[in-house]
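J.:
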Amino acid sequence: MIGFKNAIHKLPVPCFVENAAQVEQLIFTPSCQGNLAVYLHKPEVKAAKKVGIVANIATLRSVLQLVSENQLGDIEKTVLTVNAQNELLMFDNMDALEQYVQANFPVISDEDKKLLDQVNAMTRAERWQFWTEQFSACVKCYACRAVCPMCYCSTCTVESNQPQWIKVSSETTGNLEWHTMRAMHLAGRCINCGECGRICPVGIPVHLLTAKMNQDIEAEFGAKTGFSFKSGYALNTFKPGDKEQFIK
Amino acid sequence: MSEQFEPKIIAFVCNWCTYAGADLAGTSRTKYATNVSIIRFPCTGRIDFMLLMKAFENGADGIIVSGCHPNDCHYTSGNFHARRRWIVFRSLLDFMGFDTDRITFSWVSAAEGTKWAGLVDEVTEKIREKGPFTEFKQLDLSTLEKIENDAITK
Chain A
84 MIGFKNAIHK LPVPCFVENA AQVEQLIFTP SCQGNLAVYL HKPEVKAAKK VGIVANIATL
144 RSVLQLVSEN QLGDIEKTVL TVNAQNELLM FDNMDALEQY VQANFPVISD EDKKLLDQVN
204 AMTRAERWQF WTEQFSACVK CYACRAVCPM CYCSTCTVES NQPQWIKVSS ETTGNLEWHT
264 MRAMHLAGRC INCGECGRIC PVGIPVHLLT AKMNQDIEAE FGAKTGFSFK SGYALNTFKP
324 GDKEQFIK
Chain B
2 MSEQFEPKII AFVCNWCTYA GADLAGTSRT KYATNVSIIR FPCTGRIDFM LLMKAFENGA
62 DGIIVSGCHP NDCHYTSGNF HARRRWIVFR SLLDFMGFDT DRITFSWVSA AEGTKWAGLV
122 DEVTEKIREK GPFTEFKQLD LSTLEKIEND AITK
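Protein sequences, first through last, are from chains A and B. Under the working numbering, think of the first position of the first sequence as 84, with each following residue one higher. Under the working numbering, think of the first position of the second sequence as 2, with each following residue one higher.
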């Protein structure tokens with residue numbers, strides 16, 4: 084069972100419960116913001132075969148997306164959450180979970196939407212200035228990757244050194260390439276949980292890049308991520324009638 | 002500045018349509034700008050966006066990405082997949098403030114030698130007006146400056 088427990092200073096931290104005696108320590112409060120779905124596809128967790136997970140909104144949607152990408156087929160999973168009326172809900176069937184998520188949650192939080200609109204409203208030069216300034220602070224710790232439930236490749240492109248796609252050292256061009264690549268690899272798969280931006284030690288709003296991708300994909304292809312366990316991956320499919328204005 | 006700026010243009014093209022189209026332009030003795038270096042790919046679906054980033058990093062001033070028209074793909078659907086990827090990639094670059102006018106996307110079939118020649122001329126002229134691509138170099142310089150400043154303060 085994956086859940087939260089209180090740690091020092093009463094901050095909730097992830098907690099792995101392996102027997103009934105340990106269940107007492109589990110908590111679930113509004114401050115439990117982390118996305119625990121990131122642990123679901125770890126081999127150690129998968130080895131347990133039967134896994135329960137305490138889920139906030141982000142986790143619920145991550146579970147749906149992971150199922151739609153065929154990542155959780157080999158484990159028996161039970162999702163626990165608490166609804167707005169403070170009732171405990173339990174899902175072991177994905178259809179029911181899908182209905183609950185579709186009925187209750189927005190595509191993107193109001194806070195992120197506001198930030199996104201702010202950046203969208205800038206001129207191109209301002210955006211370049213804004214992002215390069217942000218990226219120059221990146222230390223390439225890859226916390227954004229570690230915290231992301233959708234980043235489950237066993238070997239990442241940044242670890243490839245033949246060819247060296249992304250420079251190892253932290254310098255702005257390479258940082259920009261890293262963030263471009265991360266956003267592109269998550270386009271149509273990100274569920275807008277915003278964990279990558281929240282976890283960033285230097286405070287780069289990296290989640291805006293993937294949020295922007297999601298906004299476009301919904302506008303262009305009508306695909307929403309993390310609302311269905313059958314939706315798949317928007318860039319892995321196509322419609323012959325996809326519209327664009329820029330190809331000559 | 003008496004010498005005219007000659008942009009370096011890299012073209013990522015698919016083997017089956019645009020490469021053959023460019024070949025046709027050559028065998029037909031069509032004259033077009035020599036600024037372009039063509040890189041042949043099996044299909045537009047193979048053209049990874051990171052290759053475009055690397056081209057800019059290594060000194061390209063402009064990029065052409067071209068392949069078979071929709072419904073003409075040798076592998077049935079490679080260009081449809083590529084098209085979706087370009088739509089989001091272009092939008093992401095624009096969101097980051099990158100000048101997307103430096104990348105030209107096009108469909109050129111094996112029979113369109115004249116279209117290819119015209120496209121290369123047009124892109125060369127457009128990039129010549131824009132001038133050299135210096136954004137990445139400036140970023141590298143600012144990183145160097147930062148490192149130097151850090152070293153001095155230490």
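Ideal Cβ placement from N, Cα and C applies to all residues, glycine included.
Counting Cβ pairs closer than 8 Å, one from the stretch 66 to 80 of chain B and one from the stretch 287 to 300 of chain A, do we hit at least three?
T.: The stretch 66 to 80 of chain B, when compared against the stretch 287 to 300 of chain A, does not touch it at the 8 Å Cβ threshold.
J.: Is Ile-274/A close to chain B? Criterion is C-beta to C-beta, closer than 8 Å.
T.: One-based indexing of the first sequence puts residue 274/A at position 191. It does not: the Cβ of Ile-274/A has no partner Cβ on chain B nearer than 8 Å.
J.: On a Cα-Cα basis, can you pick out the residue from Ile-39/B, Ser-67/B, Gly-79/B, Trp-17/B that is closest to Pro-323/A?
T.: In the first sequence, counting from the first residue as 1, residue 323/A sits at position 240. Of the candidates Ile-39/B, Ser-67/B, Gly-79/B, Trp-17/B, the one whose C-alpha sits nearest the C-alpha of Pro-323/A is Gly-79/B.
J.: Cα-Cα, which of Lys-250/A, Gly-257/A, Val-241/A is closest to His-268/A?
T.: Working through the first sequence from its first residue, we reach residue 268/A at position 185. Of the candidates Lys-250/A, Gly-257/A, Val-241/A, the one whose C-alpha sits nearest the C-alpha of His-268/A is Val-241/A.
J.: Quick one: what's Trp-108/B bridged to in DSSP?
T.: The residue given as residue 108/B occupies position 107 in the second sequence. Bridge partners of Trp-108/B: Gly-68/B.
J.: Within a Cβ cutoff of 8 Å, which residues of the same chain sit near Val-165/A, ignoring the five residues on either side of it in sequence?
T.: Residue numbering aside, residue 165/A sits at position 82 when the first sequence is read from its first letter. Around Val-165/A: Phe-111, Leu-171, Leu-172.
J.: How is the beta strand (DSSP E) around Phe-42/B delimited, first residue to last?
T.: Position 41 of the second sequence, counted from the first residue, corresponds to residue 42/B. Here the beta strand (DSSP E) through Phe-42/B covers 37 to 42.
J.: DSSP beta-bridge partners for Phe-6/B?
T.: Along the second sequence, one-based indexing puts residue 6/B at 5. Its beta-bridge partners do not exist; DSSP assigns none.
J.: Between the alpha carbons of Arg-129/B and Phe-6/B, how many angstroms are there, rounded?
T.: Walking along the second sequence from the start, residue 129/B turns up at place 128. Walking along the second sequence from the start, residue 6/B turns up at place 5. Taking the straight line from one Cα to the other gives about 6 Å.
J.: In the DSSP assignment, the beta strand (DSSP E) including Thr-31/B goes from what residue to what residue?
T.: Within the second sequence, the letter at position 30 stands for residue 31/B. Neither: Thr-31/B is in no beta strand (DSSP E) and is coded neither H nor E.
J.: Check this for me: beta carbons of Val-222/A and Ser-253/A, under 8 Å apart or not?
T.: Residue 222/A sits at position 139 when you count from the first residue of the first sequence. Residue 253/A sits at position 170 when you count from the first residue of the first sequence. Contact: yes.
J.: Taking Thr-101/B as the reference, which of Glu-149/B, Met-54/B, Asp-151/B has the closest Cα?
T.: Residue mapping note: residue 101/B aligns to position 100 of the second sequence, counting from 1. It is Met-54/B whose Cα lies nearest to the Cα of Thr-101/B.
J.: For a quick check, are the C-beta atoms of Pro-232/A and Ala-103/A less than 8 Å apart?
T.: Here residue 232/A refers to the residue found at position 149 when the first sequence is read from its first residue. Here residue 103/A refers to the residue found at position 20 when the first sequence is read from its first residue. No, they are not a contact pair.
J.: Can you tell me whether Ile-48/B is buried or exposed, with buried defined as 16 or more other CB within 10 angstroms of its CB?
T.: Your numbering for residue 48/B matches position 47 in the second sequence. Result: buried.
J.: Is there contact here, the stretch 9 to 18 of chain B with the stretch 33 to 43 of chain B, by at least three beta-carbon pairs under 8 Å?
T.: Yes, the stretch 9 to 18 of chain B is in contact with the stretch 33 to 43 of chain B.
J.: Which bits of chain B does Ala-266/A rub up against, with CB to CB less than 7 Å?
T.: Taking the first sequence and counting its residues from 1, the one referred to as residue 266/A is at position 183. The answer, in chain order, is Leu-93.
J.: For Pro-288/A, does the count of other Cβ atoms within 10 angstroms reach 16, so buried, or fall short, so exposed?
T.: Taking the first sequence and counting its residues from 1, the one referred to as residue 288/A is at position 205. That one is buried.
J.: Would you say Ile-136/A faces chain B, with C-beta separation under 8 Å as the test?
T.: Indexing the first sequence from 1 puts residue 136/A at position 53. Chain B contact via Cβ: absent.
J.: Taking the beta carbon of Met-114/B as the centre, do at least 16 other beta carbons fall within 10 Å, making it buried, or is it exposed?
T.: In the second sequence, counting from the first residue as 1, residue 114/B sits at position 113. Going by the sequence as given, residue 114/B is Gly instead of Met. By the neighbour-count rule (16 or more Cβ atoms within 10 Å), Gly-114/B is buried.
J.: Which partner residues of Leu-109/A appear in the DSSP bridge assignment?
T.: The residue you call residue 109/A lines up with position 26 of the first sequence. According to DSSP, Leu-109/A bridges with Lys-88/A.
J.: Quick one: Cα of Ala-186/A to Cα of Val-106/A, how far?
T.: Working through the first sequence from its first residue, we reach residue 186/A at position 103. Working through the first sequence from its first residue, we reach residue 106/A at position 23. Cα to Cα, the separation comes out at about 30 Å.
J.: Between Phe-188/A and Asp-178/A, what straight-line distance do the alpha-carbon atoms span, to the nearest angstrom?
T.: Residue numbering aside, residue 188/A sits at position 105 when the first sequence is read from its first letter. Residue numbering aside, residue 178/A sits at position 95 when the first sequence is read from its first letter. Their backbone Cα atoms lie some 16 Å apart in a straight line.
J.: Would you kindly report the start and end of the unbroken beta strand (DSSP E) that includes Val-96/A?
T.: Start at 1 with the first residue of the first sequence, and residue 96/A comes out as number 13. That run of the beta strand (DSSP E) goes 95 to 99.
J.: Who are Cys-15/B's beta bridge partners in DSSP?
T.: By one-based count along the second sequence, residue 15/B stands at place 14. Looking at the DSSP assignment, Cys-15/B forms a beta bridge with Phe-42/B.
J.: Take His-70/B as the anchor and find which of Phe-137/B, Glu-126/B, Ala-112/B has the nearest alpha-carbon.
T.: Residue mapping note: residue 70/B aligns to position 69 of the second sequence, counting from 1. When each option's Cα is compared against that of His-70/B, the closest is Ala-112/B.
J.: List the residues of chain B that Glu-303/A touches, going by C-beta distances under 7 Å, in chain order.
T.: Counted from its first residue, the first sequence places residue 303/A at position 220. Here the neighbours are Ile-88.
J.: With 8 Å as the threshold, decide whether the Cβ of Ser-192/A is near any Cβ in chain B.
T.: Your numbering for residue 192/A matches position 109 in the first sequence. Closer than 8 Å: no.
J.: Below 8 Å on C-beta distance, what does Asp-141/B contact in chain A?
T.: Stepping through the second sequence from its first residue, residue 141/B is reached at position 140. Chain A residues near Asp-141/B: Glu-254, Thr-255, Thr-256.
J.: Here's the rule I'm using: 16 or more other beta-carbon atoms within 10 Å means buried, otherwise exposed. How should Gly-68/B be labelled?
T.: Position 67 of the second sequence holds residue 68/B. It counts as buried.
J.: Starting from Ile-383/A, follow the beta strand (DSSP E) in both directions and report where the run begins and ends.
T.: Given a span of 84 to 331 for chain A in the structure shown, any question on residue 383/A remains unanswerable.
J.: Over what stretch of residues does the alpha helix (DSSP H) that includes Leu-123/A continue unbroken?
T.: Within the first sequence, numbered from 1, the residue matching residue 123/A stands at position 40. Careful: Leu-123/A lies outside any alpha helix (DSSP H) and carries neither H nor E.
J.: Per DSSP, Met-173/A is paired with what?
T.: Residue mapping note: residue 173/A aligns to position 90 of the first sequence, counting from 1. The partner list for Met-173/A (beta bridge, DSSP) reads Leu-163/A.
J.: Closer than 8 Å, Cβ to Cβ, to anything on chain A: give me those residues from the stretch 67 to 89 of chain B, in chain order.
T.: Under the 8 Å Cβ criterion, the stretch 67 to 89 of chain B contributes Pro-71, Asn-72, Ser-78, Phe-81, His-82, Arg-84, Arg-85, Arg-86, Trp-87, Ile-88, Val-89.
J.: Looking at the C-beta of Ala-167/A, does it have a partner C-beta in chain B at a distance below 8 Å?
T.: If you number the first sequence from 1, residue 167/A lands on position 84. No, no contact with chain B.
J.: Tell me which residue opens and which closes the alpha helix (DSSP H) that Cys-279/A is part of.
T.: Locating residue 279/A in the first sequence gives position 196, counting from the first residue. Counting along the chain, the alpha helix (DSSP H) containing Cys-279/A begins and ends at 278 to 282.
J.: At a Cβ threshold of 8 Å, is Trp-261/A touching chain B?
T.: By one-based count along the first sequence, residue 261/A stands at place 178. Trp-261/A does not count as touching chain B.
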